[in-house]
Every structure is written in structure tokens, then in C-alpha cells.
């Protein structure tokens, strides 16, 4: 099995969020629209070509790895919270994007259907801390995995953190999306 890691290290988050976007003509996502009709609240995939990724830390650097696989990877039991969603880029330009576009990382995804697994550990501790300064130890870390797969409903594979439960509940209260086209 081949794996590529276009992101591996720390990324900066604001407001407990970071995104994947593949539409070069759009900027920014709406929280409610990102999670519309989903059961999982950590990775919003309701808007075509975009993912809203929720973190425990409000502001600061978090550990973050993106992996692109040629087939479904095994789930490492070290992760405390795990969700899966379906995703299809709307262009050849897929990027991990910091809040307000302050930094971007090219993901080089093909325009095909993917299954995405978003894994987290340390979310509650990071939520309590709220902000991480540069000299402080890392509190939470995340793994975002992509592999080719046909679309299927989102699901929660593992839930341990109270803040993850909060976001899952939020997502379940959102109505289904009224349409499948992104607004510009």
C-alpha cells in the first residue's frame, strides 16, 4: 500500500477550525451548511468540494498529518475520536487552508471520490487549555486520511472526547442541505 504525506507537522488553528477546499472561486465555509444532514460533527462534508475540520484547541498550533492512500488504511487504536465522510474535489486544486486563508498546503488530490477519515486525540485537554502558546507542549493532534472509494454516508467510528460529543450533537441538529451546489 502506498501512502503520501503532503502535510506532516504542526498547523495553526483559529476558532477551533481548519479546512480543505478545492474550489478556487470560493472562500470560506458556513458552519451549519458544512455539517447539514450529517451525523458526525468533526468533519463537515456537506458542501461539495470542501471539508470543515473541527479541533479541540481554539487558537494555536496543533499536530496535523494528511495522508493520501491508494486503499483504505487500517485504523490505529491510538486515536480517541474518529469519523469518516465522503469527499470529491471540484477541481485539481485541493488545499488544506488555515482560518482566513493565512496559510495553505497543496494536497494534490485527483478529481475522484474519496473516503476521508479524520482522527483526533487530546481534544478535551486542548479545549480546556483554549490557547496554546509557542513554547507550550502540544495538546491535540489530528490525522486526515484520503483514499479512493465510492460515496457513502458519514459515520462516527469512535467517540471519547466530550467536545467531540458536543459537535456530533450539533451536526445531528442541522437540517439536510437544501441543494448540492456551493454558493459563490
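Residue numbers (the numbering used here): 78 to 261.
Cβ atoms here follow ideal geometry from the backbone N, Cα and C, with glycine treated the same way.
Distance CB(residue i)-CB(residue j) smaller than 8 Å
i: residue 87; j: residue 139; result: yes
i: residue 114; j: residue 254; result: yes
i: residue 78; j: residue 185; result: no
i: residue 232; j: residue 136; result: no
i: residue 106; j: residue 124; result: yes
Which of helix, strand or coil DSSP assigns to residue i
i: residue 107; result: coil
i: residue 253; result: coil
i: residue 246; result: helix
i: residue 127; result: strand
Integer Cβ distance of residue i from residue j, believed to fall under 8 Å
i: residue 94; j: residue 132; result: 7 Å
i: residue 224; j: residue 149; result: 5 Å
i: residue 182; j: residue 84; result: 5 Å
i: residue 130; j: residue 96; result: 6 Å
i: residue 128; j: residue 209; result: With a Cβ gap of about 23 Å, residue 128 and residue 209 do not count as contacting.
Contact with chain B by residue i, beta-carbon distance below 8 Å
i: residue 88; result: Checking the listed chains, one finds no chain B in this structure; it contains a single protein chain.
Using 8 Å as the Cβ pair cut-off and three pairs as the minimum, do the segment 154-166 and the segment 187-197 touch?
-> yes
Please specify which runs of the alpha helix (DSSP H), each continuous and at least 4 residues long, are wholly inside the segment 150-220, giving them in chain order.
-> 200-206
Is the number of C-beta pairs between the segment 107-120 and the segment 149-162 that are closer than 8 Å three or more?
-> yes
contact_flag[the segment 168-178, the segment 196-203] where n(CB pairs < 8 Å) is 3 or more | no
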